[in-house]
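Colleague:
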Ligand code: SF4
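Chains as they are written, first to last, in the working numbering: chain A, 1 to 195; chain B, 1 to 483.
1. Alpha carbon to alpha carbon, how far is residue 204/B from residue 366/B? Give it in angstroms, no decimals.
2. Can you grab the Cα-Cα spacing for the pair residue 69/A / residue 443/B, in whole Å?
3. Report yes or no: do the region 103-117 of chain B and the region 69-82 of chain B share at least 3 C-beta pairs separated by less than 8 Å?
4. Taking only three categories from DSSP, how would you classify residue 5/A?
5. Name, going along the chain, the residues of the region 50-64 of chain A whose beta-carbon falls closer than 7 Å to a beta-carbon of chain B.
6. With residue 31/A as the anchor, note down where its beta strand (DSSP E) starts and where it stops.
7. Could you confirm whether any beta carbon from chain A is found closer than 8 Å to the beta carbon of residue 276/B?
8. Which word fits residue 37/B, buried or exposed, when buried means at least 16 other C-beta atoms lie within 10 angstroms of its C-beta?
9. Can you list, in chain order, the residues of the region 23-52 of chain A whose Cβ is nearer than 8 Å to any Cβ on chain B?
10. Report back the beta-carbon spacing between residue 267/A and residue 73/A to the nearest angstrom; my notes put them in contact at under 8 Å.
11. Is the beta carbon of residue 163/B sitting closer than 8 Å to the one on residue 115/A?
12. Answer yes or no: does any C-beta atom of chain A fall closer than 8 Å to that of residue 38/B?
13. Would residue 10/A be called buried (16 or more neighbouring beta carbons within 10 Å of its own) or exposed?
14. Heavy atom of the ligand ATP less than 7 Å from the Cβ of residue 74/B, yes or no?
15. Taking the continuous alpha helix (DSSP H) assigned at residue 159/A, which residues delimit it?
16. Since residue 16/B and residue 250/B should fall inside the 8 Å C-beta cutoff, what is the C-beta to C-beta distance between them, to a whole number of angstroms?
17. Less than 8 Å separating the beta-carbons of residue 219/B and residue 184/B?
18. Can a CB atom of chain A be found closer than 8 Å to the CB of residue 441/B?
19. I'd like to know whether the C-beta of residue 305/B is nearer than 8 Å to at least one C-beta of chain A.
20. Taking a Cβ distance cut-off of 7 Å, strictly less, list which residues of the region 123-136 of chain A are near chain C, in chain order.
21. Identify every residue that forms a DSSP beta bridge with residue 458/B.
22. Assuming residue 451/B is part of the beta strand (DSSP E), what are its boundary residues?
23. Tell me the rounded alpha-carbon separation between residue 84/B and residue 260/B.
24. Quick one: which residues of the region 89-106 of chain B get their C-beta closer than 8 Å to a C-beta of chain A? List them in chain order.
25. Could you tell me the alpha carbon to alpha carbon distance between residue 314/B and residue 17/A, rounded to whole angstroms?
26. Please go through the region 42-70 of chain B and give each complete alpha helix (DSSP H) segment of 4 or more residues, from N-terminal end onward.
27. Step through the CB atoms of chain A and report whether any lies within less than 8 Å of the CB of residue 209/B.
28. Give the residues from the region 106-124 of chain A that approach chain B closer than 8 Å (Cβ to any Cβ), ordered along the chain.
29. Could you give the distance in angstroms between the alpha-carbon of residue 383/B and the alpha-carbon of residue 375/B?
30. Could you work out which residues of chain B lie near residue 21/A, taking near to mean beta carbons separated by less than 8 Å?
31. When you compare each of 54/A, 159/A, 191/A and 36/A to residue 47/B by their alpha carbons, which one comes out closest?
32. Using only the alpha-carbon positions, how far apart do residue 332/B and residue 147/B sit?
33. Taking C-alpha atoms, which residue in 370/B, 151/B and 59/B lies nearest to residue 479/B?
34. On the DSSP bridge list, what partners appear for residue 315/B?
35. Does the beta-carbon of residue 173/B, which I'm using as the reference point, lie nearer than 7 Å to any heavy atom of the ligand SF4?
36. Out of 327/B, 398/B and 373/B, which has the shortest C-alpha to C-alpha gap to residue 482/B?
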C-alpha cells in the first residue's frame, strides 16, 4: 500500500541533464535482487561514486545542500529507457517523493505513480525557473494540482486522474482491478463464445 | 478467440492500433478511470517478476491465467560455455537465487517456464515469436521495455513495471489510458549493406529519444513491406528508444508464413480461421493518426551512434557532429570522441553481436556474410550470442558457428549477455564496443564502457578492421569473390 500524498513542501535538488535513463538511476548490476527495498544506496551509483567507489564531490546528490531534499528537478525526458521499477524504488528509498521535468518517460511515470512518487511535467518557463533555482523551497499540492514557488504565481499541473485519486487516498489500483473481476469474467466468456 | 470489444462498431475508419485496442477493452475509460485492458499473453523473466509474485502471495492471490503466461530466463544467466559446463556453479549468488525464485514461482502457480535446462529458452523477445506464442491482434506485455518487439506481428505489445506485472498476474488486465498514434512511413528500398537496424537508428535520430512519448508507432511503407519478420522485429524493438509506448506493423503474408507451423501457433482449422481474422488487422483507408513522419530509406547509409543515447546517431562514413547542447558535450566527453573526426577508423576493443534487437538467424547470417573467410583483428574480442537456444541450433545446422569460430569470434549460449552486463559478460571502463544491441547509455555494457550501436554487418566489419568500419566494401568484396 502506498503512503497517501497530499501536499509536499520541500527544497529542490537540480540535475540539469536531459534524457536521464533508468540505467543511470539504478545500474543493471543492482537488479539481481528479489526485494524492492534497500535500493536507495545505489541511486545514481555511477554518478555518485567513481570507479574506485569514492564519492564524487561534484555530484549534486553528494553535496550537503541535497540532504533532506525531497523533490528532484531534472532535464527533459526523465526516466527513459528500461522499464525497471527499481528506478522509482531507488528514488523513494533515497527519500525523494516527487520528480519534476519538462517531460517524463511513459513507463517511468506509470511506475512512479503506482509507488507514490509524484511525477510532474511542467511548461518550459517553469522548468527553466526550477533549473535555475536549485534549492528553492517549493510546494507541490496534489489536491489543488498546483505548484507554488516563492515570489512566483502558482502554476497548475496535470496528473492522470485515477493515479491522483489513488495517491491522495492511498487507494491500491490492484484492489480496484480485482473489484472488476465480474467484468473480466464476462469478457473472457464472451470471447470464448466468438468463433 | 477474438471478438469485438465493447468499444467496437463505429463506422469511422480505424488504425491497426485502434482495432487491436478495441478488441481488448474490458471496461471503457472514463474521465476518472483508465480503460481496463485485457492481456492475451504475459511474458515473464527472472529480473522484474520476483517482487510481483511476492505481492500476490502476500495478498493470498493466485495467477488468474497461467496458460496465458510464459516465462524464461535471459537477463542474469551467463552465456559462456565454461559457466554452463560447470552447471552455473560460478554464477553470481544473487542472480542464481533470482533464477531459482522464478522456478519456484512458476512451479507454484502453474506458469510454463523455459528454464535453465530447456532447449526452448532464450531472450524473452526472441522466444515469443520463435515459439509462435506471439500472434497478430494480441495484447502482449512483459516487465521489459523491449516488449515492443512483438508489435512486428501486428500485436499491441509494450513494457510494464513490476507492480503492473502483479496486476496482470492477478487479473490478466491492466489499467491503461489510450495512447496517441504516430505513423512512420519508410519509403523506398534499403540499399545493399543497409539493414532494418540502420533504418530504425536513423528514425530515432530524426524523432529524438523522447519524440515518440505517449504514442504507439505504426511502421508502414514499401521498405517495411519488403522486410522479413526478423527485420520488422528489429524495427519495432527499438520503437521504445524513441520513447514510444509500442511499435506495430500490420500482419501480411510474410507474417503468416513466419508463424505457420510454429509450436504455439494455431494449427489445422484453427490456423485457417486465425489467418482469415488476421487479414482484417490493417489500418482502414482514411484512418487518421495524431502525427506522421515519412522517411525515404533508398539512400540511407549504415548508421552508428557516437553518443550516449540512441538518437545520437550518424552515418558510418560521416564526421562526428559538432555538439549543439550541453548534453552532446557531456556525451562526447564520456565517449572520448572528438567532434569533426571521422567515426570510421575509431579503434574498438570489443564487438557484440546479439541482444533482442539483432540476435536472430537473419542477423547471424548478416554477420557471417562479412566474417566468412576473414579474421577478427588482433586485440579485439568478438562475442556472437544467439538470441535463443533454438536460434543457436539453427545457426549450427547452417554452419554459421564455424564461420564465427574460424574468424576468431566467440560462439556463446543464448541470453542477454553484453547488452545489459549483469550476467558476467561485460566491457571494461573506457573500452569501445561496437554493439548490435539497443542502448548506448553510460555504463550499460559495464561501468565506463563506451557503446557504439550498429547493425550486425557493421559490427562484423568493425571486428575485422579492429575499428569502426563501413560494412559495404566488405560485402562487395565478398560478392565478387563468390561471383
Ligand atoms: S537483450 Fe538487452 S534489451 Fe533485450 S531483453 Fe535482454 S537486456 Fe533487455
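A virtual CB, placed ideally from N, CA and C, is assigned to each residue, including glycine. Because the structure is a prediction, the values reported are computed rather than measured.
Modeller: Reading it off the structure:
1. 22 Å
2. 27 Å
3. yes
4. coil
5. 51
6. Careful: residue 31/A lies outside any beta strand (DSSP E) and carries neither H nor E.
7. no
8. buried
9. 23, 24, 27, 28, 29, 31, 32, 33, 34, 35, 36, 46 and 51
10. A question about residue 267/A goes unanswered here, because the residues of chain A that appear run from 1 up to 195.
11. yes
12. yes
13. buried
14. In the structure shown, the ligand ATP is absent; the only ligands present are the ligand SF4.
15. Neither: residue 159/A is in no alpha helix (DSSP H) and is coded neither H nor E.
16. 5 Å
17. yes
18. yes
19. no
20. Reference to chain C is not applicable here, since the protein chains of this structure are A and B.
21. Answer by DSSP bridge pairing: none, since residue 458/B is not bridged.
22. 450-453
23. 33 Å
24. 92, 94, 95, 97, 98 and 101
25. 22 Å
26. 50-58
27. yes
28. 106, 107, 110, 111, 114 and 115
29. 13 Å
30. 309, 439 and 441
31. 36/A
32. 30 Å
33. 370/B
34. 303/B
35. no
36. 373/B
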